[in-house]
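Read the structure below first, then the notes.
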Amino acid sequence: MKFGTRAIAFAGAVAMLIPLAACGNSSSSSSQPAQEKDVKEITVWAWEPTLTNVAKDYEKKTGVKVNLKNVGTNTKEYTQLDNALQAGSGAPDVAQIEYYAIPQYAIKDNLLDITDKTKGYEDYYNPGPWSSVQVAGKVYGLPMDSGPMAFFYNKEVFDKAGVDATKIKTWDDYYEAAKKIHALGSNYYITSDSGDAGFFDSMTWLAGGKPFQTSDDGTNVTINLTGDKGVKTFDDFWQKLLDEKLIDTNTVGWSEDWFKGMSDGTIASLFTGGWMPANLANSAPEAAGKWRVTLMPTPDGKTANAENGGSSLAVLKNSPKAQAALDFIEYANHGDGVKTRVEAGAFPADKASMEADYFKDATTVKNSDGKAIEYFGGQKYNEVLAQAAADVTTGYQFLPFEIKARNIFGDYFGKCYTGNEKLSTAVAAWQKALKDYGTEQGFTVK
Amino acid sequence: MTSITQSATDVNATVGASVTTATPSANVPENKHHADWRGWKFLWPFAAVFMFVFIIPIIYAIYISFFQHKMIGGNQFVGFANYVRLFHDPLFWSSVGRVALFTVIQVPIMLLLAALMALALDSMKLHGMKFFRISTFLPYAVPAVVSTLIWAFMYGTKYGLVGSLNSWLGTHINVLSPDVLLAAIGNINTWEYTGYNMLIFYSALSTIPHSLYEAASIDGASEWQIVKSIKLPELSGSLAITVIFSIIGSFQLFNEPSIMQNMVPGNVITTYYTPNMYAYNLSFSGNQSNYAAALAIVMAIITMAIAYAVQLRSMKDQMK
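This is the structure:
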């Protein structure tokens, strides 16, 4: 540990030298905004693939080089970010931060408060994403995308199994479909899951669960996973599929194998966020034309939906180039960059894009090389996704220590996927760990 | 040149001064003080580096381990609370147990293999010895991250080598299942470090003078007798070193499991799989670096105690 921190601090310091060397005297400009005009380069940490083109356009337009780095997806990026923040150097100017992580970084005072610079933006964004970048009435980032849950499926495989995915309205329908898909062959599964906290949150949200509540001042936290109806509904449903071995529990989400499974049809469908098309086009290009999108099935068939992921770009409070960083996120998430990203397949967080023709009528997805791929066989997939966004229920809250909660999720749920432990047992154990952690961190936990 | 002459005279003066201490004199304390500073002048480059690289980080880690940083409430002094909590933390002890088990099984296997390889090389009876020597050492030169990735890809049950074997032989071998994962990691470590240990053994063997072998063959000793009576006793010295290095190495297990964490299904590699991983996760995803510092100190003490015990034992053996 002690040597580890030093090594990280040193690596951070070295990493910091590179951008500093390129921009000379701007390092001390936080107190002298005038010097910020000299900024020639800003560092952005993000894994969102559509930002690549935005960064190129921004460089062309303004001459400011955007040093876009993918240091890892979600929690991996947060770990890197925490390393850099703890070391006191090496942090980027802008970071992609998912909505669930905003409260945590805001409470830790790591993000720049941009409330004054974003007056009137509430009319621009959808209410869901806009409220997600706020903590106790203050704005800490600009929404980049949103992720209404949707049912992505491989039509070729579903046809072979004799299942019409658009007719799957309830979780029971889905269970019947799962059996038919698995009947195609022992390595065919309707979906894969080996324990994913974000998926768990979204599915319990969709089932009407509200297990976490935080008071406005952020000090009182209620954790009630074991007594929550939505959590129980999902547990029962998923437990049945696990018990009958209808889900592939042997493939890790976002791994090479996972995308291969989607390419060759052995992972026949996904419940995931509306931001998925670009990822599919980039990482499972072989299956282009075979996939379709439809609305999520719900426990009882009634209209409901949840968000999965969705992220913002936020300016780090300690960035010496705060104004330049703010200019970039303004361009990317509130300016011309929005259209570039939406055209490339990102799912918008703003109202105008949602209604724009180029979004609604899109039948192709742009991959990171800028090539348009008819991934969904000519389907106007965004019409479905826009409907999914409209169906999202509100009122679900994330924990103010959601990153820790997700980090340890696998410790408790792993055995449900590799052994015989029941989800309900894991839920109780996770709840206890979360309560202990919350109390230890000074929250009043109920 | 002059400075050397200068210090030579200074030394003479010091000696003179110490001689004159027999007769009480007012000059004595001043001279003594002078002599002290001269010593420090030679010592300071080392002392400065030693302070910054060894002492200060340890003191700093001990210092922060007495605090707790809360998301609500900020930093506060908590005394030994972090240590008390650590001793009651089942996650910590399970991680220590895991690396202890790993050490007890992996280290003997690896060292036995390394010793056998060294003996085989030293026997001079092999063809292509240079190739053999370099190729067994080569894995050590591959960065741990890369070798872990290589092995993890091979272990994959879906598209990896294990997966291909399974579909070829019709078996259902899964080396990434929770029961055997630790052994699978041990296999990676063995692959990485056997060559390194082999080299230490081999260099110990090559210091044996050839006259001993000649004498043995004149006496009519068999190859096995030469190994038993000449080579193995010579290996015992380097064995102590390799054992200590290996114990320290496996107690610090981190790279292999943390890289494989994203490749092993079902979250089998928990956030507290090894003490180092636990410290890392506490520190960087849980805002608990103070607790992690306490963990680091305790782990350092445990590792040192075990290494010291091994050293004492092996020295006792050598005395015999």
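Chains as they are written, first to last, in my numbering: chain A, 1 to 446; chain B, 1001 to 1320.
All residues carry an ideal CB built from backbone N, CA and C; glycine is no exception.
A quick note: this is a predicted structure, and the numbers were derived from the prediction, not measured.
* Nearest to Pro400 (chain A) by alpha carbon, out of A:Gly218, A:Tyr189, A:Ala46? -> A:Gly218
* Take Asn250 (chain A) as the anchor and find which of A:Ile267, A:Asp235, A:Gln239 has the nearest alpha-carbon. => A:Ile267
* Other residues of its chain near Ala306 (chain A): CB distance less than 6 Å, five sequence neighbours each side excluded -> Met149, Ser202, Trp205, Leu206
* Just the C-alpha distance for Val342 (chain A) and Tyr140 (chain A), rounded to the nearest angstrom, thanks. => 22 Å
* Same chain, Cβ closer than 8 Å to Lys415 (chain A), neighbours up to 5 away in sequence not counted -> Glu421, Ala426
* Asked: Counting contacts by CB-CB distance shorter than 8 Å, is Gly1079 (chain B) in contact with chain A?
  -> no
* Using the C-alpha atoms, what's the distance from Leu1121 (chain B) back to Glu1214 (chain B)? -> 18 Å
* Asked: What are the complete alpha helix (DSSP H) segments, minimum 4 residues, inside the segment 372–414 of chain A?
  -> 381–390
* Within 8 Å, strictly: CB atoms of Val1107 (chain B) and Ile1247 (chain B) -> yes
* **Reduced DSSP secondary structure (H/G/I, E/B, other) of Tyr1196 (chain B)** => helix
* To do: On the DSSP bridge assignment, give the partners of Ile465 (chain A) in chain order.
  => With chain A covering only 1 through 446, there is no way to say anything about residue 465 (chain A).
* Asked: When the Cα atoms are used, what is the spatial distance from Thr233 (chain A) to Asn67 (chain A)?
  -> 45 Å
* Asked: Are any of the Cβ atoms in chain B nearer than 8 Å to that of Gln32 (chain A)?
  -> Residue confidence is low: Gln32 (chain A) scores 40 on pLDDT, short of 50, so the model does not pin down where it sits. Its coordinate-derived value is still stated next. Taking Cβ atoms only, chain B never reaches closer than 8 Å to Gln32 (chain A), which makes this a no.
* For Lys108 (chain A), which residues in chain B fall below 9 Å Cβ to Cβ? -> Met1071, Asn1287
* Asked: What separation, rounded to the nearest whole angstrom, lies between the Cα atoms of Phe1066 (chain B) and Ala325 (chain A)?
  -> 38 Å
* **Amino acids of chain B, ordered along the chain, whose beta-carbon sits closer than 9 Å to that of Thr75 (chain A)** => Ser1285
* To do: Buried or exposed for Ser1217 (chain B), please, with buried defined as at least 16 other CB atoms from any protein chain shown within 10 angstroms of its CB.
  => exposed
* What's the call for Leu1182 (chain B), buried or exposed, on a 16-neighbour Cβ count within 10 Å? -> buried
* Between the segment 1268–1282 of chain B and chain A, which residues of the former have a C-beta closer than 8 Å to a C-beta of the latter? -> Val1268, Thr1270, Thr1271, Tyr1272, Asn1276, Ala1279, Tyr1280, Asn1281
* By the 10 Å Cβ neighbour count, where 16 or more other Cβ atoms means buried, how is Thr1171 (chain B) classified, buried or exposed? -> exposed
* Determine whether the Cβ of Pro1265 (chain B) lies closer than 8 Å to any Cβ atom of chain A. => yes
* Asked: Any idea what DSSP makes of Gln213 (chain A), helix, strand or coil?
  -> strand
* Report the partner residues of Gly1074 (chain B) according to the DSSP bridge assignment. => B:Lys1070
* Interface residues of chain A around Asn1290 (chain B) at Cβ under 8 Å? -> Residues of chain A passing the Cβ test: none, with the nearest at roughly 11 Å.
* **Val338 (chain A) classed as buried or exposed, judged by whether at least 16 other C-beta atoms fall within 10 angstroms** => buried
* Asked: For Glu98 (chain A), which of helix, strand or coil comes out of DSSP?
  -> strand
* **Thr1009 (chain B) versus Val1049 (chain B): straight-line alpha-carbon distance, rounded** => With a pLDDT of 41 at Thr1009 (chain B), under the threshold of 50, the predicted position of this residue should be treated as unreliable, though the coordinate-derived value follows. Rounded to the nearest angstrom, the two C-alpha atoms are 30 Å apart.
* To do: Output, in chain order, the set of chain C residues within a Cβ distance shorter than 7 Å of Gly1170 (chain B).
  => The question asks about chain C, but that chain is absent: this structure's protein chains are A and B.
* With 8 Å as the threshold, decide whether the Cβ of Phe271 (chain A) is near any Cβ in chain B. => no
* Give the range of the alpha helix (DSSP H) segment to which Trp238 (chain A) is assigned. => 229–243
* Asked: To which residues does DSSP link Trp47 (chain A) through a beta bridge?
  -> Paired residues: none, contrary to the question.
* Beta-carbon of Phe443 (chain A) versus every beta-carbon of chain B: anything under 8 Å? -> yes
* Asked: Phe158 (chain A) to Glu77 (chain A), Cα distance in whole Å?
  -> 36 Å
* **Helix, strand or coil at Gly273 (chain A) [DSSP, three-state]** => strand
* Asked: Quick one: Cα of Arg292 (chain A) to Cα of Tyr381 (chain A), how far?
  -> 7 Å
* By DSSP, does Ser312 (chain A) sit in helix, in strand, or in coil? -> strand
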